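Below is one structure, written out as structure tokens; the observations come after it.
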């Protein structure tokens, strides 16, 4: 049940950018498939989250599970090969604040103009 609710919420609140969803669709994968892939990478140690207690078989509350899934979805998007992304994505300049940018969450135009799948360069 948690997985179903979490995946539905991801689609509704769109905490992952549209491009990974488009990428999934072009590969014939669903958000449930994304969950399986990131959980497998979490179990193998290839991915990790800020909550070190989180593993692929950890039972969590909804908020902690969603936070972890958002982090894992970011890592999945980061790992999409550059050549597999559309030109409108690869042509964007990096935002100085990278993944830590707060503006991208409340100003869609900023989120569309800059790449946020990068580390922060301004402190």
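Numbering (the numbering used here), first residue to last: 285 to 407. We put the beta carbon where it would ideally sit given N, CA and C, even for glycine. Since the model is a prediction, treat every value here as computed from it, not as a measurement.
DSSP places residue 396 inside the alpha helix (DSSP H), whose first and last residues are 392 to 397.
Within the same chain, and ignoring the five residues on either side of residue 340 in sequence, the residues whose Cβ sits closer than 6 angstroms to its Cβ are 323, 326 and 327. Separation of residue 306 and residue 370 (C-alpha to C-alpha, rounded to the nearest whole angstrom) is 10 angstroms.
Nearest in C-alpha terms to residue 402, of all of 393, 314 and 381, is 381. Under the criterion of beta carbons closer than 8 angstroms, residue 362 and residue 399 do not qualify as touching, at roughly 11 angstroms. Contact between residue 321 and residue 360 is confirmed by a C-beta separation of about 7 angstroms, below the 8 angstroms threshold. The C-alpha of residue 312 is placed about 27 angstroms away from the C-alpha of residue 392. Residue environment for residue 330: exposed (fewer than 16 other C-beta atoms within 10 angstroms of its C-beta).
If you ignore the 5 residues before and after residue 308, its C-beta comes within less than 8 angstroms of the C-beta of 314, 315, 317 and 318, all in its own chain and listed in chain order. Residue environment analysis places residue 345 among the exposed positions, since fewer than 16 neighbouring C-beta atoms fall within 10 angstroms of its C-beta.
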